[in-house]
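All remarks here apply to the structure that follows.
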Amino acid sequence: MTKSYEFNWQKHLPEFMQEGASFDRFDEDPYLFEPNCQMKVDEYGFFITWKSEGKFADLSLFSQDPKILSSFEAIGKTEADLEGCIICICSGTDLVNLSFMFMVAESPDTKWIEGLRSVIHNFKANNVCPMTCLKKHWMRMCFLTNVNGKIPVRGITRTFASGKTEKGIFQALKDLGLPSGKNDEIEPSDFTFDIFYALTQKICPRTDIEELFKKINGNKTDYLTVDQLVSFLNENQRDPRLNEILFPFYDPKRAMQIIEKYERDEELKKKGRMSSDGFCRYLMSDENAPVFLDRLELYQDMDQPLAHYFISSSHNTYLTGRQFGGKSSVEMYRQVLLSGCRCVELDCWDGKGEDQEPIITHGKAMCTDILFKDVIQAIKETAFVTSDYPVILSFENHCSKLQQYKMAKYCEELFGDLLLRQPLENYPMDPGHPLPSPNDLKRKILIKNKRLKPEVEQRQLEALKKHMEAGETNTPAIIMGEENEDDAENGQLNTTLTVFTNSVSQSNAISSGKEEERSNSIKKGGDVAEDSEEALIAQYKYESATTNIHPYLSAMVNYAQPVKFQGFDVAEERNIHHNMSSFNESVGLGYLKTNAIEFVNYNKRQMSRIYPKGGRVDSSNYMPQIFWNAGCQMVSLNFQTPDLAMQLNQGKFEYNGCCGYLLKPDFMRRSDRTFDPFSETPVDGVIAATCSVQVFSGQFLSDKKIGTYVEVDMYGLPTDTIRKEFRTRMVMNNGLNPAYNEEPFVFRKVILPDLAVLRIAVYDDNNKLIGQRILPLDGLQAGYRHISLRNEGNNPLSLPTVFCQIILKTYVPDGFGAIVDALSDPKKFLTIAEKRADQMKALGIDTEYFCKALYTLFSVSPHYGQHKTTLHLCFSLQSYLKLIKKQQKELNALKKKHSKDQNAMQKAHCTQVDKLVSLHEKEKTNLEKLLEKAIKKRGENNCQELKKETEDKIQTLTTDHKAKVKDITAQHTKEWSELISSHSSEEREMKDSHVTQQCEHLKKLLSSVQEQQTLQLKLIHESKEMRANQAKMSMENSKAISQDKSIKNKAERERRVRELNCSNTKKFLDERKRLAMKHQKEMEQLEKNQKEQLDKLEKHNEQVSR
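Okay, so the sequence shown: first residue is 1 according to the UniProt record's numbering, each after it adds one.
As structure tokens, this is what we get:
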């Protein structure tokens, strides 16, 4: 991970367990008793070891399966001595073939049971890295010393025997300075883990990692620099889809932390360099787990209603094998619950013995039976050991009311407060009220059984109470005779599945808790002969569960109330969330085929349970994925059969703390979302993914000299599921380190990664499974990863791993890759574009012209159907502009004429004024000249009177002149005003005439333009050409796929064609639908726009006419 994540898989182990304690040890089969064994547990909680006098040291790998031993009297212990002192350790590779070891402590004060439980139910330890697995294997070899306390060389050669001669192993030991003879022994102190790791590298050299190392550094040096490591981590080990804030890119600081942690060469470490050895150690560490390790913790929201979760569920939990003549076992309930399963089934029948104890068996199928009370005790002991979340007991009740009452009392007495007797206060059992959440129901056991109608139940409970108060022991007749009117659920021959886990438990019911297995109609534990099995199956008739329910048991049923399924519409109308129905796989598939979306919606509201069909007498399983796709909560399987279906189930529920509950994806919970599990197109809001897996090599796959191959499958939605298509070549005679070096297996389009899982399986040359691993796609990590393998029962194998590269990307449809690359790295895209531009310039190509051409090509001009300025468009039309031009010309001519008239009048007026002024000046000048002549003749003194007389005349002349000027000015002003008024009136009349002409012309133009717009809009949406183009495109795409040489198999080609056809069909239909809707909207918008333009034109005409 980009951020350093500390994977704390190791649980604290008390010191007293590491130091050891004395126990009596007893093996059941074969019988073996060793008193006073010194037993201890290693610091990691991997192994328990013991040693006794005269006995060789022995070793048992921790299992997680407890068993309560009923008696130890055979070895001299009384019942009182054994009380609280017995621990049982169970080991095995599946749920059927188990071995038990019993440890008897000296006193009940020994606290080993608490200490063991603190480390034993540690599911995170199943996901440790290959380096830790190597350490675990090394510890095992060190524990398996001989009588001399040394490690025999022969034991080491057996570990690496596959495909290698002993001579090569002896030489490797010799090179490391260890004893290398066939019969030699090695001191444990000399055989350190570093020595063991070096030995594995010699015997099983990692040439695949060496090649990768050289590829990173260019084969130039024998180390990686910080920059090279950072580049490798960001380009290969980081999922590009991740958020850059939550999952930042690797930087030099983080790279140095990795070098400091994994590089062993101090000189290189100081220089910030990493050797190939350090690089190999890093790739084998917890930091390179194939999944996000935090997903192993409880990380999901556990406060959603119960119906919003997938629930790990078992069917016919009691069976250890076949459905006919099989063996029933109480131990199966312990195994299944300890594995994290949260829903177990109990087929309850009347016991035939004198004690009239209810039993659990597969009715009338000749299976052995077990006591109901023993099963309830086992459930109580193990229900909440590995998970605190609620357990649902699915009763298939065939008992009489008397024995039903016993069942209810056992549940009440043994479960106590663990049993949910009444609905929670905040979650009433009313229509429309959601179910409580897993957090609300922590450490609670729910009973799923038929329930009486409320009024019937209440009446019978009151009658029962009265009889009990009266001291009567017989059940009142009203209870024995009245039946519930509800019909039974659809029933068939049922089968249930079980999950294997290892555990330890303390005995507390020694005498009465002994598991009893009774024969049912036939010999005890007897298997049915194959030749008679067909006849027995033909005679078998399923007997449905009783509807005659005892009120005391009925009152214990609340949030898991089964009802007969009457249809999705009825369930939706009733809207009762605590009602649930069960469907066998055939009925469930039928509903999926016909009502897939309704089934998904049903599961959003209430729970459904799926169980195997009756024909699966071999306890095989159906594929659960198809029902998970529909949101079914309880997809019940036969846990005793470790087939592919069970592997998918165990691999899926390993996450979220292995608590047995997985939150369904958002779109399978929200009522406002619609989801079709058969969809072949991406789901809204969900980003489709592309997953590529390239298998390079395997390590320690087998200790035999065999051929191996790897198969990679994907399970999810039907369109995402790809099986039996991707497998490597067979590598013969090498089970130790085969090199496959295959081309990547590409799952090109995973439309729903949240539901998809990847399965990587290794098979031998006889097609027998060697190991497998289920990896949910939503928690998968990209990069070079070691995939540690599991066996059929999903238990970790010690050393086998597969080394591969996983590439995760967002799915990009064909043809959009370049665009997405440019968007994801614009700098790189621009750099390439600039480089190409320079190269084109060198060839003499004008890139500017090229850019203009592109602009022209990709420019989009608006069409009339979307034009919102139609009136403005009319103003710009040629005919309107021509009219405006003509009118302007007329107006200009009129103004020119008016200007001439005004100039003529101004000229006439000026002439008249000039004449008046000239006459005045002439008369004045004459008077002044007469005065001057008189003065010259008679002298100035003799002309005083004349001078005064002249001045008076001039004064009078001036006064008369001013009066004349005033009169003529007034006359001119009047004439000018009349002229201007006349001109203005003429211009206004002309303008009014022009405006009227313009309005009439605009109306004509607007009407014409709108007609053209309507016609053009109709023409645009004519679809003949579009359909022809679509057909042509579809044919060309199909042809391109058929000629694509990169598609190597027929199934992939057909899938691509089917995907293309589906995509094209949807695209074409969407396009036609979109165009039709667009046409309708545009026509409406056009009509609205045209009306608005007409209104605007009227207003415009009114304004300009004023």
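Cβ coordinates follow ideal geometry from the N, Cα and C atoms, glycine included.
Counted within 10 angstroms of its Cβ, other Cβ atoms place residue i as buried (16 or more) or exposed
i	result
Y262	buried
L797	buried
F172	Residue identity check: residue 172 is Ala in the sequence provided, not Phe. So A172 counts as buried.
S918	exposed
L881	exposed
Y5	exposed
L32	exposed
G590	exposed
T925	exposed
L435	buried
Residues bridged to residue i [DSSP beta-bridge criterion]
i	result
H786	F803
T708	V731 and D764
T690	K809
V153	The partner list for V153 (beta bridge, DSSP) is empty, contrary to what the question assumes.
G771	V762
P562	M580
P390	Partner(s): none; P390 has no beta bridge.
L662	F310
L637	S314
D27	L32 and M101
P796	R790
Y611	N584
E185	P152
N397	C348
Helix, strand or coil at residue i [DSSP, three-state]
i	result
E485	In this prediction, E485 scores a pLDDT of 40, lower than 50, which makes its location untrustworthy; the coordinate-derived value is nonetheless stated afterwards. If DSSP states are grouped into helix, strand and coil, E485 belongs with coil.
S697	strand
D430	coil
D286	helix
K1050	helix
E469	helix
N36	strand
E1102	helix
L780	strand
S71	Note that S71 scores 41 on pLDDT, short of 50, meaning its location in the model is unreliable; the coordinates nonetheless yield the value given after this. In the structure shown, S71 sits in coil (DSSP, three-state: anything other than H, G, I, E or B).
Y715	strand
P551	helix
T495	Unreliable positioning characterises T495 in this predicted model, as indicated by a pLDDT of 31, which lies under 50. A coordinate reading is not provided.
R748	strand
S586	helix
C90	strand
V1009	helix
N649	helix
N656	coil
M274	strand
A571	helix
E267	helix
G865	Note that G865 scores a pLDDT of 42, beneath 50, so its modelled location is shaky and nothing firm can be said.
Residues near residue i by beta carbon distance below 6 Å, same chain, minus five either side
i	result
P738	G698, T708 and V731
Y410	K373 and I376
F100	E28, K67, C88 and C90
V693	V712, F745, C804 and I806
Own chain residues within Cβ distance below 8 Å of residue i, not counting five before or after
i	result
E1059	E680, T719 and K749
D676	A596, I597 and V600
Neighbourhood of residue i by C-beta distance below 7 Å, restricted to the same chain and skipping five residues each side
i	result
A934	C943 and L946
M905	E975, W976 and L979
C999	N1101
K664	H308, Y309, F310 and G631
is_contact[residue i, chain D] using C-beta, thresh 9 Å
i	result
Q912	Judged by its chain identifiers, the structure shown contains no chain D, having just a single protein chain.
What alpha helix (DSSP H) runs, 4 residues minimum, are completely inside the segment 306-355? Entirely contained in the segment 306-355, the alpha helix (DSSP H) runs reaching 4 residues are, in chain order, 331-338.
Could you pull out every unbroken alpha helix (DSSP H) segment of at least 4 residues lying fully inside the segment 230-262, listed in chain order? Taking 4 residues as the minimum length, the alpha helix (DSSP H) runs contained wholly in the segment 230-262 are 252-262, in order along the chain.
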